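Participant:
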Amino acid sequence: MTKSSIIRSVALGALLATGAIAAPANAQDSVYFANNAYRTGPFSGSGIPIGDGMRDYISMINERDGGVNGVKIVYEECETGYDTKKSIECYEQAKSKNTIVYSPWSTGATLAAIPRAHIDKIPILSMAYGLSASADGTNFPWVFIPPFTYWDGASLMVKHMAAELGGMDKLKGKKLGLIHLDAPFGKEPIPVLENLAKKYGFELKIYPVAAADMQNQGSLWLSIRRDRPDYLYNQGWGAMNPTAVKEAIKNNFPIGKLVGVWWAGGDDDARAGGPEAKGYKSLNLNAAGQNFPAIQDILKHVVEKGKSTTPKDKVGENLYNRGVYNSMLVVEAIRNAQKLTGKKVITAEDMRRGLESLNITEARLKEIGMEGFATPTSISCTDHSGHSKAYVAEWDGTKWTKPGEWLEPLKDEVRPLIEANAKDYVDKAGNWPKRTESCEKSS
Amino acid sequence: MFYREAGQYKTNYAADMAVFPLRQDRIGIAVILAIAFIGIPLLGNDFFIASVMIPFLVFSLAAIGLNILTGYTGLISLGTAAFMGVGAYSCYKLTTFFPGVNIIVLILVSGLFSAAIGVLFGLPSLRIKGFYLAVATLAAQFFLQWAFVRIPWLFNYNASGAIEVPQRTLFGLPITGASATPETRYFVCLGLVVVLTWFASNIVHGKLGRSWMAVRDMDIAAELMGIKLLNAKLTAFAVSSYFAGVAGAMMIFLWYGGGEANDVFTIRLSFTILFMVIIGGLGSLIGSFFGAAFLSALPTALKFGLPALGVPIGGAAAEHVTFMLVGALIIIFLIVEPHGLARLWQIGKQKLRTWPFPY
């Protein structure tokens, strides 16, 4: 660990501690929000920018507006190191402190928390990760997975491929390779891709990467060279992504045909490939960069006032902005819950109602200074994901850009699979609590 | 003054060979059990029971398992996590096949599968020793972990590859699944750990345990004395894996409550349990509990306890401090007392016997 990161983490600790000590003083008009973070361990490279973005947006809302309608958000991070065991501890901690929403930040942590959350009545916000089937709100009233699921992502990859080739009918006879982390997270897109391959007549090649071999993909790329897939979809996380980019360059795979899932779109993932990584693509749900009023406000009210540990030049990186996006969803859901219940200080159950009728329109995005930052998303009682649009981001050598338009996932393909899977999950669990929560009209 | 055997006469062979020869020790055990069965459920809050006590019990059992192999028989294994995984996955498959059978029975039976796999991977121990055996058990770790991801039958073809723990009841009270309270899960864990520890204590103090220790101290001498190495080593693997398997099933069913199981049983977990055994004390059952408490409960206590006491520390900083503190403590313990916490405990008791007038 470098010296600066020690100082940073100590400073962070102090910052968090002051937050925790200050909490009881204004307990009347505050809500508590626990977020899992991983600033340690092998995934910290991705975890730090995300955690920074989440924290800074909440601080900005507290600093600029004095909280949401005057209610401060007491934000606390619980360090997980991307370890399921520690995530479970963090869940218990969040529960005992009455968090209004649980933010697991790992698929493993989400899977472990889903059954408990339905008993403890704590909403889970797993933003574009976690259990794809949980988009079925009828069976999973307490889990929210906006703006889309991994299965939507897989369908978007096929759509992107078709768009570049010139139409869905051109997919026939093409080869799509999937590089994936050999873990539940990585295997998520396989069923959707298999269905689509059958339907559109393209061939699917699967290249699993064991977690222990994340940085050692040499033999895998030999098979890729042999198979010559037309496109590669990378469902990777952590150290696996920069390695895949480097290997693609080394093996002369056309870098523009390598598309990562949104978690493979870190600035450092692409930067690892050097200048030749220019053209690397990744699905994305948020825009990168600082040119948004909301990000400017973070700079003005938080970073420049020394109230954050984020270096100024890291603000606006892709994963940082994704953290901002996640916090924005939390803040908007709190606002919505306040409106629905008429209460100022909301509870976890109110938060669930707020999330379930969350409707972020284009106009709302403009109001909160995020025009063009993300696309409108709306959640309903049955659809807890929204299956919103994503775009294919491109690395221009120094930053992520948005060359194309927002694409809609193939919802017709994904939705039946989600419902079938949700039913299967509920059947196997046995005694799964039936949904008793009433349905809110979308606001 | 209080801890002295004066006046306690041993009048028969059984009393002479008792595991706890002193009356004070027997009282002590009774007090500990009373605290565990009555005090903690009454006084502890949900967080303490679910995040400190249940993990501690699960790790204690796993550490006892490894201690039987490494501490009592002298065979180093780096595959404990994989054997735990076998227990967890077989328990999951058993609940699918026999949904009517009580889950506690299934948890105990799943250890048998783990024992069988353990014997299979223990076969090389007849020819190889020391570091070479450690490498051979590494093969078990990697192969089994691979199998957990790659054989979809093991997780019932679940799309996300996760184990989902169904709700099971005992006397109408849910003991697994999300609606089981931490207290009930704690009682089940505690019951299993107490019974199995008693079982382990009887084995290691009996003929089998003595043959293991003979093999550990010098296998050639043991062989000359008529101990069959094949039997001794393979029973050690079987019993050790049984304990690991039960611990693994408990881990997923009573502690985690489902999730990405293949993510849990990694080499890191194997090492953690090996460290528990080394720090707790090789060849000591109480040492297994000390080691588990030190490496599982202490980090949690530091991470959540310090902020609760008002020490200004949080998030990642607490994690870094825990790393440093636990690391330093490990080194200190290994320098000051290489035989582990169990030896420290023994020295303490010895000192107490002569207190306050040491001679």
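In the order they appear, the protein sequences are chains R and L. Quick note on our numbering: the first sequence kicks off at -14 and runs consecutively. Quick note on our numbering: the second sequence kicks off at 15 and runs consecutively. No residue lacks a Cβ here, since even glycine has one placed at the ideal position from N, Cα and C. For clarity, every value in this text was computed on a predicted model and none was experimentally measured.
#1: Could you list the residues in the segment 257 to 275 of chain L with a C-beta less than 7 Å from some C-beta on chain R, going in chain order?
#2: Is it buried or exposed for T109 (chain L), if we count other Cβ within 10 angstroms and need 16 for buried?
#3: Under 8 Å between the Cβ atoms of A229 (chain R) and I164 (chain R)?
#4: Comparing alpha-carbon positions, which option in L:I68, L:H334 and L:V115 lies nearest S29 (chain R)?
#5: Is I177 (chain L) buried or exposed, if buried means 16 or more other CB atoms sit within 10 Å of its CB?
#6: Measure the beta-carbon distance from L316 (chain L) to L296 (chain L) and round it to whole angstroms, keeping in mind my assumption that it falls under 8 Å.
#7: Is V300 (chain R) helix, strand or coil by DSSP?
#8: Using a beta-carbon distance below 8 Å, is V291 (chain L) in contact with chain R?
#9: Who are the Cβ neighbours of T336 (chain L) in its own chain at under 7 Å, not counting the five residues just before and after it?
#10: Taking C-alpha atoms, which residue in R:Y17, R:F170, R:K155 and R:F18 lies nearest to Y67 (chain R)?
#11: Would you call P108 (chain R) buried or exposed, if buried means 16 or more other Cβ atoms sit within 10 Å of its Cβ?
#12: Would you mind stating whether S312 (chain R) and I43 (chain R) have Cβ atoms separated by less than 8 Å?
#13: So the candidates are R:K419, R:R307 and R:E422; which of them puts its Cα closest to the Cα of P132 (chain R)?
#14: Out of R:N219, R:M225 and R:T421, which one is the CA nearest neighbour of G241 (chain R)?
#15: Which residues in chain R have a C-beta closer than 9 Å to the C-beta of D60 (chain L)? List them in chain order.
#16: Quick one: residues in its chain with C-beta nearer than 7 Å to the C-beta of I73 (chain R), no 5 flanking neighbours on either side, listed in chain order?
#17: From the DSSP output, which residues share a beta bridge with C63 (chain R)?
#18: Drop a sphere of 10 angstroms on the beta-carbon of N269 (chain R), count the other beta-carbons inside from all chains shown, and report buried for 16 or more, exposed for fewer.
#19: In this structure, does DSSP put Y376 (chain R) in helix, strand or coil?
#20: Count the CB pairs spanning the segment 73 to 83 of chain R and the segment 33 to 43 of chain R that are closer than 8 Å, and state whether there are at least three.
#21: In terms of residue numbering, what span does the beta strand (DSSP E) encompassing G415 (chain R) cover?
#22: Is the Cβ-Cβ distance between V260 (chain L) and L309 (chain L) less than 8 Å?
#23: M232 (chain L) and V72 (chain L) look like a contact to me (Cβ under 8 Å); what is the Cβ gap, rounded to whole Å?
#24: Can you tell which of R:A262, R:T346, R:E422 and R:L314 has its C-alpha closest to the C-alpha of N226 (chain R)?
#25: Give, in chain order, every residue of the segment 153 to 179 of chain R whose Cβ lies closer than 7 Å to some Cβ of chain L.
#26: Contact defined as beta carbons within less than 8 Å: I believe F267 (chain L) pairs with V179 (chain L). What is the distance between those atoms, to the nearest angstrom?
#27: Could you tell me whether the segment 391 to 408 of chain R touches the segment 103 to 123 of chain L, using the rule of 3 or more Cβ pairs below 8 Å?
#28: Note down, in chain order, every chain L residue with its Cβ under 9 Å from the Cβ of G25 (chain R).
#29: What is the DSSP secondary structure of T84 (chain R), counted as helix, strand or coil?
#30: Is the shortest distance between the beta-carbon of P180 (chain L) and the beta-carbons of chain R less than 8 Å?
#31: Do S254 (chain L) and L92 (chain L) count as a contact pair if the criterion is CB distance below 8 Å?
#32: Beta-carbon within less than 6 Å of W417 (chain R)'s beta-carbon, same chain only, minus the 5 sequence neighbours each way: which residues are those?
#33: Between the Cα of I63 (chain L) and the Cα atoms of L:N116, L:S74 and L:A50, which residue gives the shortest distance?
#34: Got a sec? Which residues, its chain only, sit under 6 Å from L288 (chain L) by beta carbon, not counting five neighbours each side?
#35: Cα separation between L57 (chain L) and E237 (chain L)?
#36: So who's on the other strand from T386 (chain R), going by DSSP bridges?
Facilitator: Looking at the atomic coordinates:
#1: Answer in chain order: Y270, G271, G272, G273 and E274.
#2: On the second sequence, residue 109 (chain L) is found 95 positions in, with the first residue counted as 1. It counts as buried.
#3: As a first step, residue 229 (chain R) must be located in the first sequence, where it is residue number 244. As a first step, residue 164 (chain R) must be located in the first sequence, where it is residue number 179. Taking 8 Å as the Cβ cut-off, A229 (chain R) and I164 (chain R) qualify as a contacting pair.
#4: Reading the first sequence from its first residue, position 44 is the one you call residue 29 (chain R). Out of L:I68, L:H334 and L:V115, L:H334 has the C-alpha closest to the C-alpha of S29 (chain R).
#5: Taking the first residue of the second sequence as 1, we reach residue 177 (chain L) at position 163. Around the beta carbon of I177 (chain L), 16 or more other beta carbons sit within 10 angstroms, so the residue counts as buried.
#6: Stepping through the second sequence from its first residue, residue 316 (chain L) is reached at position 302. Stepping through the second sequence from its first residue, residue 296 (chain L) is reached at position 282. Between L296 (chain L) and L316 (chain L) the Cβ distance is about 26 Å, and since that is not below 8 Å, they are no contact.
#7: Numbered from 1 along the first sequence, position 315 holds the residue referred to as residue 300 (chain R). Three-state result, V300 (chain R): coil.
#8: By one-based count along the second sequence, residue 291 (chain L) stands at place 277. Answer no: the Cβ-Cβ gap between V291 (chain L) and chain R never drops below 8 Å.
#9: On the second sequence, residue 336 (chain L) is found 322 positions in, with the first residue counted as 1. So the list reads P313, L316 and K317, once near-sequence residues are dropped.
#10: Start at 1 with the first residue of the first sequence, and residue 67 (chain R) comes out as number 82. Ranking R:Y17, R:F170, R:K155 and R:F18 by Cα distance to Y67 (chain R) puts R:F170 first.
#11: If you number the first sequence from 1, residue 108 (chain R) lands on position 123. With 16 or more other Cβ atoms within 10 Å, it is buried.
#12: Sequence index remark: in the first sequence, residue 312 (chain R) carries index 327 (1-based). Sequence index remark: in the first sequence, residue 43 (chain R) carries index 58 (1-based). Cβ atoms of S312 (chain R) and I43 (chain R): closer than 8 Å.
#13: Along the first sequence, read from residue 1 onward, the residue named residue 132 (chain R) stands at position 147. Checked all of R:K419, R:R307 and R:E422; the closest Cα to P132 (chain R) is R:R307.
#14: Indexing the first sequence from 1 puts residue 241 (chain R) at position 256. It is R:N219 whose Cα lies nearest to the Cα of G241 (chain R).
#15: Here residue 60 (chain L) refers to the residue found at position 46 when the second sequence is read from its first residue. Residues of chain R passing the Cβ test: E77, K80 and S81.
#16: Position 88 of the first sequence, counted from the start, is the residue given in the question as residue 73 (chain R). Excluding residues within five positions, the ones whose Cβ falls inside 7 Å are A97.
#17: Sequence index remark: in the first sequence, residue 63 (chain R) carries index 78 (1-based). Residue pairing of C63 (chain R) in beta bridges, as defined by DSSP: R:N21.
#18: Along the first sequence, read from residue 1 onward, the residue named residue 269 (chain R) stands at position 284. That one is buried.
#19: Taking the first sequence and counting its residues from 1, the one referred to as residue 376 (chain R) is at position 391. In this structure, Y376 (chain R) counts as strand in the three-state DSSP scheme.
#20: The segment 73 to 83 of chain R makes no contact with the segment 33 to 43 of chain R: fewer than 3 CB pairs, one atom from each, lie closer than 8 Å.
#21: Numbered from its first residue, the first sequence carries residue 415 (chain R) at position 430. Where G415 (chain R) is concerned, there is no enclosing beta strand (DSSP E), given that its DSSP letter is neither H nor E.
#22: Working through the second sequence from its first residue, we reach residue 260 (chain L) at position 246. Working through the second sequence from its first residue, we reach residue 309 (chain L) at position 295. Taking 8 Å as the cut-off, the Cβ atoms of V260 (chain L) and L309 (chain L) do not count as close.
#23: In the second sequence, the residue the question calls residue 232 (chain L) occupies position 218. In the second sequence, the residue the question calls residue 72 (chain L) occupies position 58. A Cβ-Cβ distance of about 34 Å is found for the pair M232 (chain L) and V72 (chain L), leaving them out of contact under the 8 Å criterion.
#24: Here residue 226 (chain R) corresponds to residue number 241 of the first sequence, with the count starting at 1. Among R:A262, R:T346, R:E422 and R:L314, the Cα nearest to that of N226 (chain R) belongs to R:A262.
#25: Taking a C-beta cut-off of 7 Å against chain L, the contacting residues of the segment 153 to 179 of chain R are D167, A168, P169, K172, E173 and P176, listed in chain order.
#26: Numbered from 1 along the second sequence, position 253 holds the residue referred to as residue 267 (chain L). Numbered from 1 along the second sequence, position 165 holds the residue referred to as residue 179 (chain L). Right, their Cβ atoms sit about 5 Å apart.
#27: Using a C-beta cut-off of 8 Å, the segment 391 to 408 of chain R makes no contact with the segment 103 to 123 of chain L, since fewer than three inter-stretch Cβ pairs fall below that distance.
#28: For the purposes of this step, residue 25 (chain R) is taken as residue 40 along the first sequence, with counting starting at 1. A small correction: the amino acid at residue 25 (chain R) is Thr; Gly does not occupy that position in the sequence shown. Under a criterion of Cβ atoms nearer than 9 Å, the residues of chain L adjacent to T25 (chain R) are, in order, A330, E333, H334 and F337.
#29: On the first sequence, residue 84 (chain R) is found 99 positions in, with the first residue counted as 1. Note: T84 (chain R) maps to coil in three-state DSSP.
#30: Position 166 of the second sequence, counting from 1, holds the residue named residue 180 (chain L). P180 (chain L) counts as touching chain R.
#31: Along the second sequence, one-based indexing puts residue 92 (chain L) at 78. Along the second sequence, one-based indexing puts residue 254 (chain L) at 240. Contact flag unset, no.
#32: One-based indexing of the first sequence puts residue 417 (chain R) at position 432. Only V411 meet the Cβ criterion.
#33: The residue labelled residue 63 (chain L) in the question sits at position 49 within the second sequence. Cα-wise, what sits closest to I63 (chain L) is L:A50.
#34: Along the second sequence, read from residue 1 onward, the residue named residue 288 (chain L) stands at position 274. Nothing listed; no residue qualifies.
#35: Residue 57 (chain L) sits at position 43 when you count from the first residue of the second sequence. Residue 237 (chain L) sits at position 223 when you count from the first residue of the second sequence. Going by the C-alpha atoms only, they are around 52 Å apart.
#36: Indexing the first sequence from 1 puts residue 386 (chain R) at position 401. Answer is R:E379, bridged to T386 (chain R).
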